[in-house]
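Student: My structure is below; once you've seen it, I'll send some questions.
Chains as they are written, first to last, in the numbering used here: chain F, 1 to 285; chain A, 1 to 343.
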């Protein structure tokens with residue numbers, strides 16, 4: 001391992017990915033610095049998840065270009081060494097996991113474990129701390145598949161902590177959660193980011209969250225990088241049109257002073273839609 | 001559905017494994033003396049050439065019991081590995097075509113009337129082993145050739161398709177053969193341990209089973225993570241592709257060797273791991289020794305019953321494993337009310 005202290009933890013240069021002849025990512029060049037909070041946004045099918053998974057070396061299809069993880073080309077990493085640095089935090093999906101929370105988190109100490117040795121006391125200590133830190137100690141003895149989505153998402157975050165990873169690659173961490181849990185999870189991530197210098201890369205559909213939380217935002221469209229910069233620069237009608245291909249309504253956030261998106265068309269578009277509807281109604285008659 | 005914590009932590013998994021170990025030792029120690037003709041312990045020290053009972057004990061009974069333990073342990077282990085690896089409660093090497101490949105090899109051998117022996121192994125077993133290896137390689141090649149979708153689903157589907165294809169070839173060969181050969185084929189396909197004489201087969205299978213089991217032992221932590229999902233395991237540091245290939249080939253070869261000698265004995269591989277999961281939980285570091293012991297002991301007991309129940313005739317052991325294991329498993333399932341869908 002070299003250059004572990006490098007300031008740039010993820011770097012892509014002209015990185016492309018094609019799956020079954022279809023171009024999923026095209027000529028992506030970007031740098032992510034240590035301790036940054038990065039959100040990846042973009043319309044459905046833009047390649048957000050593929051890019052996120054690429055940062056954890058989950059690559060399929062034909063790859064071209066370069067991708068460095070902590071200063072080392074992705075091909076050269078040993079899987080268990082990479083796991084000590086970066087962790088994918090999946091969506092709180094409904095996959096069946098037949099283990100208790102504690103068993104599950106202990107399993108995530110895999111990169112530090114020897115196949116024939118019993119658990120080291122340090123493994124238990126790290127897992128206990130991860131549970132305290134994420135507020136999951138209360139259901140340590142419950143089976144994973146009895147948890148709610150919010151609880152499950154917290155355990156997934158605890159697993160990244162237990163693993164000792166300082167790059168968290170999060171796939172829509174707040175989708176499917178109620179507002180209470182959304183707030184919980186977001187403050188948990190923000191805390192890790194601010195206090196423990198964890199680099200967060202999160203795919204999200206919620207541009208408002210992204211604007212409020214992130215240091216920088218990556219916007220993809222049809223596999224291309226259309227925007228990479230600070231949040232205040234993305235909330236502009238022309239930029240949003242470039243990303244989503246539609247004009248969207250913007251209002252000012254009452255406290256943060258940042259523009260917020262309302263998932264609604266602009267008044268002009270609304271008028272056109274009304275016209276089109278009226279025409280359609282007449283035709284029906 | 002708030003479950004009050006897993007039972008395995010309350011009872012202590014050590015006790016369950018200890019009990020299973022005791023039962024397995026008891027079964028293996030008791031079974032050779034039990035049979036159509038009960039043999040006393042003194043036969044152990046008798047001269048094999050002089051005494052009939054000593055001959056039966058050392059050349060028929062003991063090798064057969066050892067073989068049934070090995071076969072049961074290997075089949076149960078293979079089921080446990082494949083269920084975790086494919087995250088599918090129905091996966092076993094049999095669903096992936098190993099048994100139908102072996103059966104096709106054996107049936108082809110009977111049909112063509114080949115009779116030979118290779119290194120002390122009968123021609124039928126050699127052909128069955130070649131058939132098993134052939135089907136393993138075929139399933140793997142088909143999966144690698146199709147580069148789309150999830151390879152796990154592709155592999156299961158390829159295995160099932162090949163299984164059906166081979167099964168119809170077997171039926172075709174049976175149909176085309178004369179009644180004597182046809183019955184030989186039918187008997188082989190039912191599986192059984194009636195052909196074990198002496199220790200040479202046992203030693204051959206032992207080599208395959210130990211190497212397979214050692215590889216599985218080394219990869220228990222990987223299996224735990226694989227059973228939570230491949231992406232998750234990958235991100236936790238498991239070299240997923242390498243581990244899967246290693247497990248697939250070592251376990252399939254182990255089962256291929258067992259099936260070549262004993263025929264396709266069903267149900268143990270599918271059910272023993274599920275029964276043990278209900279008893280001890282899904283953590284492979286506990287589940288593995290439990291499954292190994294339970295599978296071995298189960299087949300020893302079933303085989304002993306199968307050769308005594310209708311004595312002097314023998315009941316094919318595969319019939320018995322399903323007859324005994326099925327209700328036992330269903331009872332356990334109802335008593336525990338735990339979801340079978342969990343691998």
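In this text, a Cβ means the ideal position worked out from N, Cα and C, and glycines have one as well.
Because the structure is a prediction, the values reported are computed rather than measured.
Indicate the three-state DSSP secondary structure (helix, strand or coil) for residue 241 of chain F in the structure shown.
Tutor: Here residue 241 of chain F is taken as the residue at index 241 of the first chain, counted from 1. DSSP places residue 241 of chain F in helix when its eight states are reduced to three.
Student: Which of the three DSSP states, helix, strand or coil, is assigned to residue 95 of chain A?
Tutor: Taking the second chain and counting its residues from 1, one reaches residue 95 of chain A at position 95. Three-state DSSP puts residue 95 of chain A in coil, outside helix and strand.
Student: Report the option in A:44, A:122, A:330, A:316 whose CA atom is closest to the CA atom of residue 367 of chain A.
Tutor: A question about residue 367 of chain A goes unanswered here, because the residues of chain A that appear run from 1 up to 343.
Student: If the cut is a Cβ gap below 8 Å, which residues of chain F does residue 221 of chain A touch?
Tutor: In the second chain, the residue the question calls residue 221 of chain A occupies position 221. Those are 107, 110, 113, 115, listed as they occur along chain F.
Student: Which residues of the region 44–59 of chain F have a Cβ closer than 9 Å to any Cβ of chain A? Give them in chain order.
Tutor: Answer in chain order: 53, 56, 57, 58.
Student: So with CB distances below 7 Å, who are the chain A contacts of residue 80 of chain F?
Tutor: If you number the first chain from 1, residue 80 of chain F lands on position 80. 237, listed in chain order.
Student: Assign residue 193 of chain F to one of two classes, buried (16 or more other C-beta atoms within 10 Å of its C-beta) or exposed (fewer than that).
Tutor: As a position in the first chain, residue 193 of chain F is number 193, starting the count at 1. Buried, by the Cβ-count rule.
Student: Taking the continuous beta strand (DSSP E) assigned at residue 170 of chain F, which residues delimit it?
Tutor: Here residue 170 of chain F refers to the residue found at position 170 of the first chain. 167–171 is the span of the beta strand (DSSP E), which, as asked, contains residue 170 of chain F.
Student: Near residue 49 of chain A, which residues of its chain fall below 8 Å by C-beta distance, leaving aside the five closest residues on each side in sequence?
Tutor: Locating residue 49 of chain A in the second chain gives position 49, where the first residue counts as 1. Answer for residue 49 of chain A: 55, listed in chain order.
Student: Return the CA-CA distance between residue 16 of chain A and residue 188 of chain A, expressed in angstroms with no decimal places.
Tutor: Here residue 16 of chain A refers to the residue found at position 16 of the second chain. Here residue 188 of chain A refers to the residue found at position 188 of the second chain. Rounded to whole angstroms, residue 16 of chain A to residue 188 of chain A spans 35 Å at the Cα level.
Student: Run through DSSP, which three-state label would residue 227 of chain F get?
Tutor: Stepping through the first chain from its first residue, residue 227 of chain F is reached at position 227. Reduced to three states, the DSSP call for residue 227 of chain F is strand.
Student: With DSSP collapsed to three states, give me the class of residue 79 of chain F.
Tutor: Translated into positions along the first chain, residue 79 of chain F becomes position 79. If DSSP states are grouped into helix, strand and coil, residue 79 of chain F belongs with the helices.
Student: Buried or exposed: which applies to residue 302 of chain A, given that a residue is buried once 16 or more other Cβ atoms fall within 10 Å of its Cβ?
Tutor: Residue numbering aside, residue 302 of chain A sits at position 302 when the second chain is read from its first letter. Buried is the call here.
Student: Need the endpoints of the alpha helix (DSSP H) that residue 65 of chain F sits in, please.
Tutor: As a working note, residue 65 of chain F is residue 65 in the first chain. No alpha helix (DSSP H) contains residue 65 of chain F, which is instead part of the beta strand (DSSP E) from 62–69.
Student: Is DSSP giving residue 27 of chain A helix, strand or coil here?
Tutor: The residue you call residue 27 of chain A lines up with position 27 of the second chain. Here residue 27 of chain A sits in helix by DSSP.
Student: Would you verify that the beta carbon of residue 138 of chain F is, or is not, closer than 8 Å to some beta carbon of chain A?
Tutor: For the purposes of this step, residue 138 of chain F is identified with residue 138 of the first chain, where counting begins at 1. Closer than 8 Å: no.
Student: In angstroms, rounded to a whole number, what distance separates the CA positions of residue 17 of chain F and residue 80 of chain F?
Tutor: Along the first chain, read from residue 1 onward, the residue named residue 17 of chain F stands at position 17. Along the first chain, read from residue 1 onward, the residue named residue 80 of chain F stands at position 80. Computed Cα separation, rounded: 24 Å.
Student: Is residue 225 of chain A close to chain F, meaning its C-beta is less than 8 Å from at least one C-beta of that chain?
Tutor: Walking along the second chain from the start, residue 225 of chain A turns up at place 225. Yes - at least one Cβ of chain F is within 8 Å of the one on residue 225 of chain A.
Student: Going by beta-carbon coordinates alone, are residue 262 of chain A and residue 159 of chain A separated by less than 8 Å?
Tutor: Walking along the second chain from the start, residue 262 of chain A turns up at place 262. Walking along the second chain from the start, residue 159 of chain A turns up at place 159. Contact flag unset, no.
Student: What does residue 229 of chain A reach in chain F if we use C-beta pairs closer than 7 Å?
Tutor: Numbered from its first residue, the second chain carries residue 229 of chain A at position 229. The answer, in chain order, is 95.
Student: Could you tell me which whole alpha helix (DSSP H) segments of length 4 or greater appear in the region 109–134 of chain F?
Tutor: Entirely contained in the region 109–134 of chain F, the alpha helix (DSSP H) runs reaching 4 residues are, in chain order, 121–134.
Student: Report yes or no: do three or more beta-carbon pairs, one from the region 240–249 of chain F and one from the region 50–59 of chain F, lie closer than 8 Å?
Tutor: At 8 Å Cβ cutoff, the stretches do not touch.
Student: Can you look up residue 283 of chain F in the DSSP assignment and give me helix, strand or coil?
Tutor: For the purposes of this step, residue 283 of chain F is taken as residue 283 along the first chain, with counting starting at 1. Helix, per DSSP.
Student: Mind checking which residues open and close the alpha helix (DSSP H) that includes residue 152 of chain F?
Tutor: As a working note, residue 152 of chain F is residue 152 in the first chain. Unbroken alpha helix (DSSP H) run through residue 152 of chain F: 149–162.
Student: On the DSSP bridge assignment, give the partners of residue 31 of chain F in chain order.
Tutor: Against the first chain, residue 31 of chain F aligns to sequence position 31. Looking at the DSSP assignment, residue 31 of chain F forms a beta bridge with F:11.
Student: My output table needs one value for residue 48 of chain F: the three-state DSSP class, helix, strand or coil.
Tutor: One-based indexing of the first chain puts residue 48 of chain F at position 48. The answer is helix: DSSP assigns residue 48 of chain F an H, G or I state.
Student: Quick check: the Cα distance between residue 46 of chain A and residue 57 of chain A, rounded to an integer number of angstroms?
Tutor: Taking the second chain and counting its residues from 1, one reaches residue 46 of chain A at position 46. Taking the second chain and counting its residues from 1, one reaches residue 57 of chain A at position 57. Rounded to the nearest angstrom, the two C-alpha atoms are 10 Å apart.
Student: Does chain F have any CB closer than 8 Å to the CB of residue 234 of chain A?
Tutor: Mapped onto the second chain, residue 234 of chain A falls at position 234. Yes, residue 234 of chain A counts as interfacial toward chain F.
Student: Nearest to residue 173 of chain F by CA position, among F:164, F:184, F:64, is which residue?
Tutor: Reading the first chain from its first residue, position 173 is the one you call residue 173 of chain F. The shortest Cα separation from residue 173 of chain F among F:164, F:184, F:64 belongs to F:184.
Student: Do residue 141 of chain F and residue 100 of chain F have their beta-carbon atoms positioned less than 8 Å apart in this structure?
Tutor: Walking along the first chain from the start, residue 100 of chain F turns up at place 100. Walking along the first chain from the start, residue 141 of chain F turns up at place 141. Closer than 8 Å, so yes.
Student: For the ligand HEM, is there a heavy atom less than 7 Å away from the beta-carbon of residue 190 of chain F?
Tutor: Absence of the ligand HEM is noted for the structure shown, with no ligands found whatsoever.
Student: So, is the C-beta of residue 91 of chain F closer than 8 Å to a C-beta in chain A?
Tutor: Here residue 91 of chain F refers to the residue found at position 91 of the first chain. So, not an interface residue.
Student: Are any of the Cβ atoms in chain F nearer than 8 Å to that of residue 218 of chain A?
Tutor: The count along the second chain starts at 1 and reaches residue 218 of chain A at position 218. Judged by the 8 Å Cβ criterion, residue 218 of chain A is in contact with chain F.
Student: Contact criterion: CB-CB distance below 8 Å. Does residue 328 of chain A meet it with respect to chain F?
Tutor: Locating residue 328 of chain A in the second chain gives position 328, counting from the first residue. No, residue 328 of chain A does not count as interfacial toward chain F.
Student: So what does DSSP say about residue 94 of chain F, is it helix, strand or coil?
Tutor: Position 94 of the first chain holds residue 94 of chain F. DSSP places residue 94 of chain F in coil when its eight states are reduced to three.
Student: Could you please tell me which residues of the region 153–177 of chain F, in chain order, have their CB closer than 7 Å to any CB of chain A?
Tutor: So the close ones are 163.
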